[in-house]
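With my numbering applied, the sequence shown has no gaps in its numbers, which climb one by one up to 1774 at the end.
Structure first, then comments.
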Amino acid sequence: MDRDVNGLVSSARAGVSLFVLDVVTGLRQVSHNALALLGLAAVALVVFVAGRDDVRHGLESRVLGWLIDRATARTQVDVDPKLNDVLLAMAEPEAIQRATAADPAGLDRQQSAVALWLSRRYSVAPEPVSRLVQEAWEVGRRAGVEPTLILSIMAIESSFNPFAQSHVGAQGLMQVMTRIHHDKYQIFGGQNAAFDPVTNLRVGVQVLKECIQRAGSLEGGLKYYVGAANLADDGGYAYRVLAEQAFLRQVVAGQKVPVNVSVPQQTMVQAESPSRLQPAAVSATPDMAVQGGGVAPAVVIPPAALPTAPAASETAPIAAPIRRAEQVALAH
């Protein structure tokens, strides 16, 4: 009888031990698989973030902001209350409404990519550039001008400095001759609106359209715009604008373009006679046809003419265009 009881106890112990061993083995396998899945998910997340400039920039901005806040909190010292009183006396909560800025994350993927690329290329904050990119798309759609062309002119003319002024009086982002086109600024409150980035962009696009219509071609219109209509050449201005536009088109298409890619000098373009100029084909967007029929690209640059990226240590700043006094002839 005792043997039977001992046998049952031994069998029970063996069964329990086997059950516990199976459970432990199963948990170990499940944990290994779960860790593997977590590892794969982490790798996929890193690859996704690395391929999205907008997401990566957002993460960098948040981390940088957190680090700055921590550093500020550590080094913060007591401030004289009187200084705070002076600042509070000048408080103006509506000042944010005057800021020309937009969150890059609020743009679509193409616009965000362009804004971040221009921000890095010209060392300007991404928020103001995002607002200008957004406006270029909207104004370009309304005016029938490709937004990448607008941004390229802005880049070559002022490098996104809204307070730039040439020796002949061209002002603002798009270097519009304010004293000539003062009438266009009246609906925006007067000539000082030339230093409002959005207003300067809108007026500049209108001037560009008039130049293209007058010349009969995009290249000819750019000669008028830079004030070289009566000269034998434009000093390579049109080539630099169109080369910059080619870079932006590649960014819009999702291609990787180095921010320090150089725009090489080109031999001067000889003036064309009016009889040889063809009507310009300027589309509202680089990847969308206008209703009622397709529109040819504004310019076609052969692959051999496209600039090549310089070495990592080499940067190539783009020289501002030389404004001619002949631009006075653009008065209406």
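Even for Gly, the Cβ is constructed at its ideal location relative to N, Cα and C.
Beta-carbon separation (whole angstroms), residue i vs residue j, contact threshold 8 Å
i, j, result
"Gly1646", "Leu1615", "7 Å"
"Asp1496", "Ala1555", "7 Å"
"Gly1678", "Ala1670", "Actually they do not touch by this definition, with Cβ atoms about 10 Å apart."
"Val1575", "Gln1539", "With 8 Å as the limit, Val1575 and Gln1539 do not qualify as a contact, their Cβ atoms being about 20 Å apart."
"Lys1665", "Val1587", "Between Val1587 and Lys1665 the Cβ distance is about 17 Å, and since that is not below 8 Å, they are no contact."
"Ala1578", "Pro1589", "4 Å"
Short Cβ contact (8 Å threshold) for residue i with residue j
i, j, result
"Gly1632", "Arg1621", "no"
"Trp1559", "Val1705", "no"
"Tyr1627", "Phe1602", "no"
"Phe1605", "Phe1637", "yes"
"Ala1547", "Gly1500", "yes"
"Val1701", "Arg1562", "yes"
"Val1668", "Val1618", "no"
Residue i, buried or exposed, once every other Cβ within 10 Å from all chains shown has been counted against 16
i, result
"Gly1734", "Low confidence applies here, because Gly1734 scores a pLDDT of 35, under 50, leaving its location unreliable and the question unanswered by this model."
"Trp1508", "exposed"
"Ala1485", "At residue 1485 the sequence reads Val, which differs from the Ala that was named. Exposed."
"His1623", "buried"
"Arg1656", "exposed"
"Val1465", "exposed"
"Gln1471", "exposed"
"Ala1635", "buried"
"Ser1453", "exposed"
"Ser1600", "buried"
"Ile1510", "exposed"
"Arg1682", "buried"
"Leu1549", "buried"
"Leu1591", "buried"
"Ala1695", "exposed"
"Ala1531", "exposed"
"Gln1697", "exposed"
"Ala1544", "buried"
"Ala1537", "exposed"
Close beta carbons around residue i, own chain, < 7 Å, minus the five adjacent residues each side
i, result
"Thr1542", "Pro1570, Arg1573, Pro1639 and Val1640"
"Arg1644", "Val1581"
"Glu1686", "Ser1594, Ala1597, Ile1598 and Val1705"
Contact set for residue i: own chain, Cβ-Cβ below 6 Å, skip 5 residues either direction
i, result
"Val1699", "Phe1689, Gln1692 and Val1693"
"Phe1630", "Thr1641"
"Phe1461", "none"
Neighbourhood of residue i by C-beta distance below 8 Å, restricted to the same chain and skipping five residues each side
i, result
"Val1491", "Val1497, Arg1498 and Leu1501"
*For the segment 1584-1662, which segments carrying the beta strand (DSSP E) assignment without a break, of at least 3 residues, lie completely within its bounds, in sequence order?*
none
*Output the residue ranges of the alpha helix (DSSP H) runs that lie fully inside the segment 1674-1708 and measure 4 residues or longer, sorted by chain position.*
1679-1694
_My parser needs the beta strand (DSSP E) runs of 3 or more residues fully inside the segment 1532-1557; what are they?_
none
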